[in-house]
Amino acid sequence: MNNTHLTLNQTVSDSHTNEQYLAKDVLSEEGLAEFNNRLHEFLDFYQLFDTFINELRATIACDSIEYEDESTQTTLVNGSTGKHRCEYMLKYDGFSLGRIKITRDTKFSGNELDLIEVMLAGLSLPLRNALRYQQAIKLAQRDELTGLRNGSYYHDVVNLEIERARRYKKPFSLLMFDLDDFEKINDTYGRKAGDVVLLDVARRIEGRARGSDVVYRNGGDEFLVFLPNTEKAEAMIVAQRIKDAVLNSACKYDNDDIFFTLSAGVVTVTHGDTADKLIDRAGKAIFHAKILGKDRIYYDSTTGSGLTTE
0 MNNTHLTLNQ
10 TVSDSHTNEQ
20 YLAKDVLSEE
30 GLAEFNNRLH
40 EFLDFYQLFD
50 TFINELRATI
60 ACDSIEYEDE
70 STQTTLVNGS
80 TGKHRCEYML
90 KYDGFSLGRI
100 KITRDTKFSG
110 NELDLIEVML
120 AGLSLPLRNA
130 LRYQQAIKLA
140 QRDELTGLRN
150 GSYYHDVVNL
160 EIERARRYKK
170 PFSLLMFDLD
180 DFEKINDTYG
190 RKAGDVVLLD
200 VARRIEGRAR
210 GSDVVYRNGG
220 DEFLVFLPNT
230 EKAEAMIVAQ
240 RIKDAVLNSA
250 CKYDNDDIFF
260 TLSAGVVTVT
270 HGDTADKLID
280 RAGKAIFHAK
290 ILGKDRIYYD
300 STTGSGLTTE
């Protein structure tokens, strides 16, 4: 546990360990590997901690688990505080991860403390990634027109997803949408009408994206949707759902019904991708969709391409 710093404080005179508080199960090597793999599934901080808390409580009886990180102003309290506690300052490769405190009314045994430390060592890298991801999301300023995150900081998010995809073999896909002939809307109805259309499109994309997806406006009439833990087939389904939402009804502006279509590029992380390369591949997929007649979804990968024209 070279990267986890430990402080213990058990102050109550009651020195025995009640049998009900003994570790319920000692993690085998296979069980520990499975536990670590589960933690690495999450970049969302709260999903990660929910999983960790459930695993810890299933292994060692405790009354409360409390977490605090001053740098991100994040606080989590689960349960009611007991009179004995073990407290840990967490770091990973010099990166401060905050403080975690575990309490109950009787002392923790030495074996239990060892097991807690092993589980916290497994938490440290996923927690670092989750905090970095959370910070990147917070830094992404909101687009003034649509309220979506703008493209200023999305590279950090994409690079974290690519890192996770490579290290833990978790898929990551990206959708890029571009309005077809948007300049004609501006020319025909005026720029104010164009802004109304962009706002309408943003709402439709958000309405059809999943809860785990992250939506950005990438300038002009281009939108990005990040799909964690998503293979090609599911990414194509999400892209089609968004595209259908755009086609289903016109955008109303004054007394006019403005109809429009989207072209979409879909990519999934492959070996050698960086954030720039992935975005470039999505842009090339959009280009192909436009060449083939617009109003299309085009999938691009380094090992082959697929096209749907629905």
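The numbering of the sequence shown is numbering that gives the first Met the number 0, which starts it at 0 and goes up by one. We put the beta carbon where it would ideally sit given N, CA and C, even for glycine. Only a predicted model underlies this, so the values are computations on that prediction, with no experimental measurement involved.
Bridge partners - His83, DSSP secondary structure assignment: Arg103
Whole-angstrom distance between Phe258 and Asp186, CA atom to CA atom: 14 Å
Segment contact, 8 Å Cβ cut-off, at least three pairs: the stretch 122-133 with the stretch 106-113: no
Per DSSP, the bridge partner or partners of Met175: Leu223 and Gly264
Bounding residues of the beta strand (DSSP E) (the contiguous stretch that carries Leu75): Thr73 to Gly78
Limits of the unbroken alpha helix (DSSP H) element including Arg216: Run containing Arg216: none in the alpha helix (DSSP H); it sits in the beta strand (DSSP E), Val213 to Arg216.
Continuous beta strand (DSSP E) stretch holding Asp256: start and end: Asp255 to Ile257
Residues that DSSP places opposite Glu65 in a beta bridge: Val76 and Lys100
Tyr45 classed as buried or exposed, judged by whether at least 16 other C-beta atoms fall within 10 angstroms: exposed
Rounded C-alpha distance that separates His39 from Thr269: 19 Å
N-terminal and C-terminal residue of the alpha helix (DSSP H) that Lys251 is part of: That residue, Lys251, is in no alpha helix (DSSP H); its beta strand (DSSP E) goes Cys250 to Tyr252.
C-alpha distance - Val200 paired with Lys251, whole-angstrom precision: 12 Å
Proximal residues to Gly193 (C-beta, below 6 Å), its chain only, five neighbours per side dropped: Ile184 and Asn185
Proximity below 8 Å, CB of Arg103 to CB of Cys61: yes
Ser123 (DSSP reduced to helix, strand or coil): helix
Per DSSP, cross-strand counterpart(s) of Asn149: Arg216
Pair within 8 Å by beta-carbon distance, Ile296 and Ala244: no
Range covered by the beta strand (DSSP E) that runs through Asp299: Ile296 to Ser300
CA-to-CA distance, Leu197 to Tyr188, given in whole angstroms: 13 Å
Alpha-carbon spacing of Tyr66 relative to Leu75, whole angstroms: 5 Å
Phe286, enclosing alpha helix (DSSP H) - first and last residue: Ala274 to Ile290
For Pro227 and Gly271, the rounded distance between their alpha carbons: 18 Å
Cβ neighbours of Ile101 in the same chain (closer than 6 Å, five flanking residues each side left out): Cys61, Ile64 and Cys85
Reduced DSSP category for Arg207 - H, G, I as helix; E, B as strand; rest coil: helix
Residue burial classification, Ser27 (beta-carbon count within 10 angstroms, cutoff 16): exposed
Inter-residue spacing [alpha-carbon to alpha-carbon] between Ile59 and Phe176: 48 Å
Alpha carbon of Tyr215 to alpha carbon of Phe48, nearest angstrom: 26 Å
Nearest residue (CA-CA) to Met118, options Ser300, Arg56 and Asp142: Arg56
Residues bridged to Arg166 (per DSSP): Answer is none; Arg166 lacks a bridge partner.
Residue of Thr105, Tyr91 and Phe94 minimising C-alpha distance to Lys82: Thr105
Of the listed residues Ser95, Asp180 and Leu174, nearest to Ala234 (C-alpha basis): Leu174
When Asn158, Ile136 and Arg203 are compared against Lys276, the one with the closest alpha-carbon: Asn158
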